[in-house]
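K.L.:
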Amino acid sequence: MTRSLGVCYYPEHWPETQWPEDAARMAASGLTWVRIGEFAWSRLEPAPGKLDFDWLDRAIDVLGRAGLKVVLGTPTATPPRWMLDRHPDMLAVDAAGRPRKFGSRRHYCFSHRGYLAECKRIVALLAERYGANPHVAAWQTDNEYGCHDTILSYSDAARAAFRDWLAQRYQSPDALNRAWGNVFWSMEYSGFDQIDLPNLTVTEANPAHVMDFRRFASDQVVAFNRAQVDILRRYTRAPVAHNYMGRITEFDHYAVGADLDIASWDSYPIGFLSDRLEATDAHKADFLRQGDPDFQAFHHDLYRAVGRGRWWVMEQQPGPVNWAPYNPAPLPGMVRLWTWEAFAHGAEAVLYFRWRQAPFGQEQMHAGLLRPDSEPAPGLAEVETVARELADAPMAQAAPADVALVFDYASAWAWDTQPQGADFDYFRLCFAWYRALRRMGLNIDIISPDTDDLSQWKLVLAPGLFTLPDTLRAALPSCSGAVVFGPRANSRRPDFSIPPDLGPSLPGLDARVARVESLPPGSALPLANGGQFVHWAEELEGKAVVVLLREDNRAAMVRAGGLYYLGGWPSDATLFSILSDLCAAQGIATRDLPSALRTRSDGKSRFWFNHGASALEWEGLHLPPASMLRVPA
Amino acid sequence: MTRSLGVCYYPEHWPETQWPEDAARMAASGLTWVRIGEFAWSRLEPAPGKLDFDWLDRAIDVLGRAGLKVVLGTPTATPPRWMLDRHPDMLAVDAAGRPRKFGSRRHYCFSHRGYLAECKRIVALLAERYGANPHVAAWQTDNEYGCHDTILSYSDAARAAFRDWLAQRYQSPDALNRAWGNVFWSMEYSGFDQIDLPNLTVTEANPAHVMDFRRFASDQVVAFNRAQVDILRRYTRAPVAHNYMGRITEFDHYAVGADLDIASWDSYPIGFLSDRLEATDAHKADFLRQGDPDFQAFHHDLYRAVGRGRWWVMEQQPGPVNWAPYNPAPLPGMVRLWTWEAFAHGAEAVLYFRWRQAPFGQEQMHAGLLRPDSEPAPGLAEVETVARELADAPMAQAAPADVALVFDYASAWAWDTQPQGADFDYFRLCFAWYRALRRMGLNIDIISPDTDDLSQWKLVLAPGLFTLPDTLRAALPSCSGAVVFGPRANSRRPDFSIPPDLGPSLPGLDARVARVESLPPGSALPLANGGQFVHWAEELEGKAVVVLLREDNRAAMVRAGGLYYLGGWPSDATLFSILSDLCAAQGIATRDLPSALRTRSDGKSRFWFNHGASALEWEGLHLPPASMLRVPA
Amino acid sequence: MTRSLGVCYYPEHWPETQWPEDAARMAASGLTWVRIGEFAWSRLEPAPGKLDFDWLDRAIDVLGRAGLKVVLGTPTATPPRWMLDRHPDMLAVDAAGRPRKFGSRRHYCFSHRGYLAECKRIVALLAERYGANPHVAAWQTDNEYGCHDTILSYSDAARAAFRDWLAQRYQSPDALNRAWGNVFWSMEYSGFDQIDLPNLTVTEANPAHVMDFRRFASDQVVAFNRAQVDILRRYTRAPVAHNYMGRITEFDHYAVGADLDIASWDSYPIGFLSDRLEATDAHKADFLRQGDPDFQAFHHDLYRAVGRGRWWVMEQQPGPVNWAPYNPAPLPGMVRLWTWEAFAHGAEAVLYFRWRQAPFGQEQMHAGLLRPDSEPAPGLAEVETVARELADAPMAQAAPADVALVFDYASAWAWDTQPQGADFDYFRLCFAWYRALRRMGLNIDIISPDTDDLSQWKLVLAPGLFTLPDTLRAALPSCSGAVVFGPRANSRRPDFSIPPDLGPSLPGLDARVARVESLPPGSALPLANGGQFVHWAEELEGKAVVVLLREDNRAAMVRAGGLYYLGGWPSDATLFSILSDLCAAQGIATRDLPSALRTRSDGKSRFWFNHGASALEWEGLHLPPASMLRVPA
Ligand SMILES: [Zn+2]
Ligand SMILES: [Zn+2]
Ligand SMILES: [Zn+2]
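Residue numbers (UniProt numbering), protein chains in the order written: chain A, 1 to 633; chain B, 1 to 633; chain C, 1 to 633.
1. Taking buried to mean at least 16 other C-beta atoms within 10 Å of its own C-beta, is residue 317(B) buried or exposed?
2. Is residue 112(B) buried or exposed, if buried means 16 or more other CB atoms sit within 10 Å of its CB?
3. Taking the DSSP output, what are the residues bridged to residue 610(C)?
4. Using a Cβ-Cβ cut-off of 8 Å (strictly less than) and excluding sequence neighbours within five positions of residue 163(C), which residues of its own chain qualify?
5. Helix, strand or coil for residue 634(A)? Go by DSSP, reduced to three states.
6. Please list, in chain order, the residues of the stretch 187 to 212 of chain B that have any C-beta partner in chain C closer than 8 Å.
7. Could you pull the start and end residues of the beta strand (DSSP E) that residue 446(C) belongs to?
8. Apart from the five residues just before and just after residue 99(B), which ones in its own chain have a Cβ nearer than 8 Å to its Cβ?
9. Using a Cβ-Cβ cut-off of 9 Å, state whether residue 82(B) counts as contacting chain A.
10. Can a CB atom of chain A be found closer than 9 Å to the CB of residue 281(C)?
11. Taking 9 Å as the threshold (beta carbon to beta carbon), is residue 182(C) in contact with chain A?
12. Compute the beta-carbon to beta-carbon distance between residue 80(C) and residue 42(C), rounded to the nearest angstrom, for a pair I have assumed lies under 8 Å.
13. Terminal residues of the continuous alpha helix (DSSP H) containing residue 21(B)?
14. Return helix, strand or coil for residue 565(C), following the three-state DSSP convention.
15. Using 9 Å as the limit for Cβ to Cβ distance, is residue 479(C) near chain B?
16. Using three-state DSSP, classify residue 538(A) as helix, strand or coil.
17. Cα separation between residue 123(B) and residue 45(B)?
18. Under the three-state reduction of DSSP, which class applies to residue 42(B): helix, strand or coil?
19. Looking at chain C, is there any beta carbon in it that lies within less than 9 Å of the beta carbon of residue 101(A)?
20. Using a Cβ cut-off of 7 Å, pull out every chain A residue sitting near residue 288(B), in sequence order please.
21. Using a Cβ cut-off of 9 Å (strictly closer), state whether residue 358(C) contacts chain B.
22. Only counting runs of 4 or more residues, tell me where the alpha helix (DSSP H) segments fall wholly within the stretch 151 to 179 of chain A, in order along the chain.
23. Would residue 104(C) pass as an interface residue toward chain B - the criterion being a Cβ-Cβ separation below 9 Å?
24. If you drop the 5 nearest sequence neighbours on each side, which residues of the same chain put their C-beta closer than 7 Å to that of residue 63(B)?
25. Do residue 235(B) and residue 127(B) have their C-beta atoms within less than 9 Å of each other?
26. If you count every other CB in all the chains shown that lies within 10 Å of the CB of residue 504(A), and 16 or more means buried, which is it?
27. Which first and last residues belong to the alpha helix (DSSP H) in which residue 216(B) is found?
28. Report the rounded CA-to-CA distance for residue 326(C) versus residue 535(B), giving the unit in angstroms.
29. State the DSSP-derived secondary structure class of residue 123(A), mapped to helix, strand or coil.
30. Tell whether a beta-carbon distance below 9 Å holds between residue 246(C) and residue 295(C).
31. Check whether the Cβ atoms of residue 331(A) and residue 556(A) lie closer than 9 Å to each other.
32. What number of angstroms, rounded off, separates the C-alpha of residue 285(C) from the C-alpha of residue 624(C)?
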């Protein structure tokens, strides 16, 4: 597999006379890909039906002739202002009942049929015109589904669509009443038209109601995306991608990804550290100009699964951004490090966002590879270094991993609906497990809960899995090593009810969760070996073999053969210890890396990443601050 | 008086075939009472006018034949979905102007006439059918008035009713203008129809306006409840109760209680510690699995007053709940302790919430006495222990108290309307005084501000009493000991204006509050004896005898005979010292208990409660963790 | 110039029989001015068109005959309730889309044409009747523009007016699209009627859009005020003032002030310390009963500029207020100190708010010079002291200052629109610079960004100036000393775009801001000399002389002749050091005052102010706590 670099570009922002020079500089910098078009609807169709594609023809031509391959985006994330005159009710509505107005982007409700039809029309026009264009080598649908909290809409359109969705799913109000347990608090419905969206209720809505709304909302994204893909397929053989974001869990990325050829994501390590990661102040200070050492890797591994092996970074942070609460500049070396880390995790391409910093608009403070005055920004030299290094590097190959971590979007919805403890968050739970594995220096695969064959991994981990799908249940025996379920795993049936046997109901494992506790910050439940549970602890009963005890002599972890159940949320140190032992038992060699050091192997090479601001010595290697070192595996 | 136990049960949640076994197990566990029906409207009347009471007949029969006495709840806290089609404007509206939608419970505005009529209709049907049923031994109106912040509604119905209420009260807009001081900021009205609810004003509304809205809102609850009671009385001689909540001050419980036979409340010690009590993190950590040692006792004593001696715990926490930010499990022993503490304070009955944990709905994570799989939850064994202990215990009798604390709902509204210092809260103030008395090991009576005879107490305390009612003023001489008024007492006239002599205007006490200060956290005003005022300090003038000085030589506390006025909010230690001295002066023997130890005597027995997680030795007694010990008084 | 004292009075709040005694006491206390009328519309016009000015005639007569001079306020900050029946859409609308209702004050949208017409009508009636009244010696328009966040309204009236304003400014949608960069995210408009107010957008609105809305909103205030002034001028020769507030930056006070004769402001030192100043808890505790030592001085100097030399304190805090989160009482001496500080900064008059504490209404807990029972409040004696001291004091004269600080309202809007770092605030930045200069014991002038002659200052400072106006650019050579621009200065063009050369684009200074960083609390960027930047740091390039280095050897401050650019936000200590050095270089003698000590000279006298709670010795002077000492300059 070839590794390549690219950049996001907005020809419509610049005078046409500048395009050739820009294109030439891109190519000279070692870039292969250029993504364009995804916000250009007002220039492609300045008035309803008044199309102007000529400029795009010319832009693609200029870029293509410079040797660049174009990723063409559908412009549906930014409908022009005239769209509102045609569809005044197309706006999403927030949970407080307020329409989310025009004036930025993503101002549409996924459930609005009229807007969907407009999207299909513009996509068809673009696909027809460029589907066979030799320079258009890939497509992107829309942009960053879910960004700015745009999945959950409480609009009239959403309400009507939700009712339809429920009618399809349940066929009768009585079936729905039974599934949701609506006898509770007299919440029974006699018709689907009585069912409202679960916002602004007096106290919390029925979790079953909320969960179905979350499923519905995810399905709407899948359908919206599929409508575009279906059209593109008719006109092009180029691969189709979407650019996901970091820690967006409001829709099922696997389901969207199933309709696409490539998963890609937009990686902003420094912004994400600041605005979407639980961490101590000390940790955030240590990695202020580097971003978290595991957050990007997690998403690389996640989107490799979503893309069924094919994945890109569609937008890579190249310098300070504009949108985080604070926006420091990356340490010198980090742009190179981030890029190589993506490649080490199997990325086919890394594109930087964006070519030249725009002097206007909402992102005028977002760095590009060029400054607004067209001078090189500091990131550009690092990009050019990577381009040179790529030329010498061995071809990438699929990297083996001994360990797999199940990541499930429905579980995120479930525990968001019913956290039971205010700080119980599914992503946070999985990320803690992932970080512990990374600290051991392991290659990790993230896998879907619908995986039907576990034979390639020695250790499969599934903390917090809302329900155990039949497929995965059937696949459990295929794992030659151990499968470890964690707290809350299979504690609910799909209708959100507690299973008659209380869960986790794992095959051959005689263990029930008799009772659970959520614990506030500062409280912990001690284990017999000196470790502790935080956030969450369960009282287990049953005859399964106890492999870990709590200080109160209850079981903390039990097993039956290679099947484990861990009944609590271990502190980071405790988790490291537990997972290290499990690895050792499976013959998986582990390390104990310093907090800033991470590694990955692709079988041919081993990559070392020093995310720290200080140099490190490790296994005879010298790693300067913010550096990557590649050695034979 | 007999003490008895019971449980809350939802036959409509379970197959009818399971009822007999459930009933038998309840009886076998030593339970006497079973509360049912209060959320069952959608099963009693699945469609408008389509009644189905047969299942309830059978449920009452099954329970009754098992020897249980039924408390039958009116189902008006959960109107069915069809009610909204009949009365689309029945929903309450929040302070931001948003209707509070169907999908949970308490989705009604107390001022909606149409919904009130529906409630009267269903209550009449229930009363007619079950009023003379031999198994129905008590009734409950609605459920937890005020829970989920449902007293203050800003709906059209509320606005119309408020205007009527004002017209009745003031008779003319000019009278209202004068009473409210509407000449201030040109707020004068020329008609009652011009008066809006006091939400969403540019800056704060006139406190007199807000205070009347608070009075009106309380009156609406009283009227709503009375409408049900009036109907029940026509059909039944069984006592009628309502189940109040913890720290709900939005309506006058004394006024609601005056129409009822029994006051009851829903006691969730661990949840309340977490979500409705000001305390340090250390205190909350110390009592994480026990709840606050004084919070339940305060409400026991309060609702004993509201019930004019007759009171129950209608819902007792039996294990972890679902609704607090964090939900740990009670220490072993706490369910027994809580139950006995209620009895020690005079409860006639304690009912647990609920029999079996429901596997569905909003409260699926709320423990019951049984788990969802019908196995006993840990609380059940403690309940059975209490049942056995009750059999051996002497009959309860009314317990004497030397000290009374006045608790007044109007004062809560007043200082909520005008805190003057951001952390001035009337409940908090009274609770601090109550806790100091509890730490002294005293029996305490909480009394209404309308008490007309103080002769039974040696010490009567009234901190923060908004206005001094004429009745209480007339009763002051009846107290043989001391009456102590605290900060802000009688500092306003009923129309919220400052009295011409500035207050407290106490008979025979020459003292005026010349000026007040509110103090931020971390600031304190030192007293001459080493103590300090926090939150609030007043500058007193007048010729009354000074009994406590501030460091600046101003009076901190003054007296005239047995009448005292304390011009500040003492720190906890200072308050303990002041009240200890006052007790000593009145010949009231006090203790200085450790923070986890509490006691109460009913004249015949002395009960000791160790709320701590460690054992205690005290007065020759050994108290294990989370334990109750009963000794002869 | 004569210095005088006065008070705010509400004759409509008190029985007419009390007026003569009140007036006599005012005069006897040494007061000269009495402000009345500004909230009395409901008494002047109880019903539409039904006028009653007789009581006001009599009040003015009583006050005037007592020897007092009247400041008459137009009553437009409190339209009566009937106004809403005439103009139901006159209310402002908040950013969440909710009308801000009647029931307090300032319940109007500045853009409502109908309400503006009503204001012009009532002002004309007042002006006609009292314009030549010999007792009416000054006028005040409205009251505290901007208080309670009332400048930005999202009403229909505001939307319509904004569209007109934009049409005037840009003439064509295309011009607007180009200026705003609306090609970004397809935000282009084809007509002004498509443009909405920039609230409730999905994510942030275009900063250019927001900035124009901020300019528009400020212009609406200027126009509203001018409409009143134009009418007053036709009938009176008395000076016209408005009373501004502390730290209100939502409108351009210079522009409003240009239409007025006198600037005045409402000075509440203790309330402001608590509710609108960034400071450590320790600082707030140190000055709990004194207010911040520099906050009032800043506004004195600011409003001296706004009033072009003529300014008053229209409302001076005389004791505890009601509206801050906590409301402690001033230390004895502070009322005198605050008054003298105003005079030392050039105030012509200081009026206290208010004469007698009102026992009713929203401000019933706001101290006056009299208590509600008409007894003197503690502040009154200090006022009388000042009155006596004034008689002996030399006449005031204009005070020279060596240093000027540019303060620009548009910069406040700009960085509020685009902070880039969550705690970047323009007022905070300027105030930090101001405080450093005060700590040096300097007289400071605050000047408008439109100043056209800098020759009177040796040092002119302009941190954070959004754009450099042509006038100021042209005036730079007029400064004989140094002009220092600070972080973000001239970093934008007026249309909010980044300048092609990146800024600061200062004449003769070869320096560009290559990149900026915002830093979270706790992070700092070290300088070579041991100092540090906090909040904000810039990477400078160019050939300008480097006068200060960062630890990473980049330039921190550069110069060309007397023109400096400082590329970061220094910590307080670093800023003191930098500005001290700059003063020294310009031959300006500085001190290093303790945190509680401040001083100002008016050329004839030097005033020393000890804001601390402890006595101070300084330069041979003994300064008791909370004291002012005047010595010959
Ligand atoms: Zn992006
Ligand atoms: Zn309850
Ligand atoms: Zn004011």
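Backbone N, C-alpha and C fix where the C-beta goes; we use that ideal spot for every residue, glycine too.
Predicted model, so just to flag it, every value in this text is computed and none were measured.
P.N.:
In short, the structure shows the following:
1. In the second sequence, the residue the question calls residue 317(B) occupies position 317. Buried, by the Cβ-count rule.
2. The residue labelled residue 112(B) in the question sits at position 112 within the second sequence. So residue 112(B) counts as buried.
3. For this step, residue 610(C) is matched to residue 610 along the third sequence. Partner(s): 597(C), 627(C).
4. Within the third sequence, numbered from 1, the residue matching residue 163(C) stands at position 163. Correct list, in chain order: 192, 193, 195.
5. A question about residue 634(A) goes unanswered here, because the residues of chain A that appear run from 1 up to 633.
6. 187, 188, 189, 190, 194, 196, 198, 199, 200, 201, 202, 203, 204, 205, 206, 207, 208, 209
7. Taking the third sequence and counting its residues from 1, the one referred to as residue 446(C) is at position 446. Counting along the chain, the beta strand (DSSP E) containing residue 446(C) begins and ends at 444 to 447.
8. By 1-based counting over the second sequence, the position of residue 99(B) is 99. Closer than 8 Å at the Cβ level, and outside the excluded window around residue 99(B), lie 91, 92, 93, 155.
9. Position 82 of the second sequence holds residue 82(B). Chain A, which has a Cβ nearer than 9 Å to the Cβ of residue 82(B), makes this yes.
10. Position 281 of the third sequence holds residue 281(C). Cβ-Cβ to chain A under 9 Å: no for residue 281(C).
11. As a first step, residue 182(C) must be located in the third sequence, where it is residue number 182. Answer yes: the Cβ-Cβ gap between residue 182(C) and chain A drops below 9 Å somewhere.
12. Against the third sequence, residue 80(C) aligns to sequence position 80. Against the third sequence, residue 42(C) aligns to sequence position 42. Correct: roughly 4 Å between the Cβ atoms.
13. Residue mapping note: residue 21(B) aligns to position 21 of the second sequence, counting from 1. 19 to 28 is the span of the alpha helix (DSSP H), which, as asked, contains residue 21(B).
14. Here residue 565(C) refers to the residue found at position 565 when the third sequence is read from its first residue. Strand at residue 565(C).
15. In the third sequence, counting from the first residue as 1, residue 479(C) sits at position 479. With 9 Å as the cut-off, residue 479(C) does not count as an interface residue toward chain B.
16. Working through the first sequence from its first residue, we reach residue 538(A) at position 538. Here residue 538(A) sits in strand by DSSP.
17. What you label residue 123(B) is simply residue 123 of the second sequence in a count that begins at 1. What you label residue 45(B) is simply residue 45 of the second sequence in a count that begins at 1. Cα-Cα distance, rounded: 12 Å.
18. For the purposes of this step, residue 42(B) is taken as residue 42 along the second sequence, with counting starting at 1. Residue 42(B) falls in the helix class under three-state DSSP.
19. Mapped onto the first sequence, residue 101(A) falls at position 101. By this cut-off, residue 101(A) is an interface position.
20. The residue labelled residue 288(B) in the question sits at position 288 within the second sequence. 523, listed in chain order.
21. As a working mapping, residue 358(C) is identified with position 358 in the third sequence. Residue 358(C) counts as touching chain B.
22. 156 to 170
23. As a working mapping, residue 104(C) is identified with position 104 in the third sequence. Taking Cβ atoms only, chain B reaches closer than 9 Å to residue 104(C), which makes this a yes.
24. The residue you call residue 63(B) lines up with position 63 of the second sequence. 23, 34, 70, 135.
25. Along the second sequence, one-based indexing puts residue 235(B) at 235. Along the second sequence, one-based indexing puts residue 127(B) at 127. In this structure, residue 127(B) lies closer than 9 Å to residue 235(B) by Cβ.
26. Locating residue 504(A) in the first sequence gives position 504, counting from the first residue. Its Cβ being crowded by 16 or more others within 10 Å, residue 504(A) is buried.
27. Taking the second sequence and counting its residues from 1, one reaches residue 216(B) at position 216. Run containing residue 216(B): 207 to 235, per the alpha helix (DSSP H) assignment.
28. As a working note, residue 326(C) is residue 326 in the third sequence. As a working note, residue 535(B) is residue 535 in the second sequence. Between residue 326(C) and residue 535(B), the C-alpha separation is close to 9 Å.
29. The count along the first sequence starts at 1 and reaches residue 123(A) at position 123. Note: residue 123(A) maps to helix in three-state DSSP.
30. Taking the first residue of the third sequence as 1, we reach residue 246(C) at position 246. Taking the first residue of the third sequence as 1, we reach residue 295(C) at position 295. Cβ distance < 9 Å, so residue 246(C) and residue 295(C) count as in contact.
31. Counting from 1 along the first sequence, the entry for residue 331(A) is found at position 331. Counting from 1 along the first sequence, the entry for residue 556(A) is found at position 556. Going by C-beta atoms, residue 331(A) is not nearer than 9 Å to residue 556(A).
32. Taking the first residue of the third sequence as 1, we reach residue 285(C) at position 285. Taking the first residue of the third sequence as 1, we reach residue 624(C) at position 624. Taking the straight line joining both Cα atoms gives about 19 Å.
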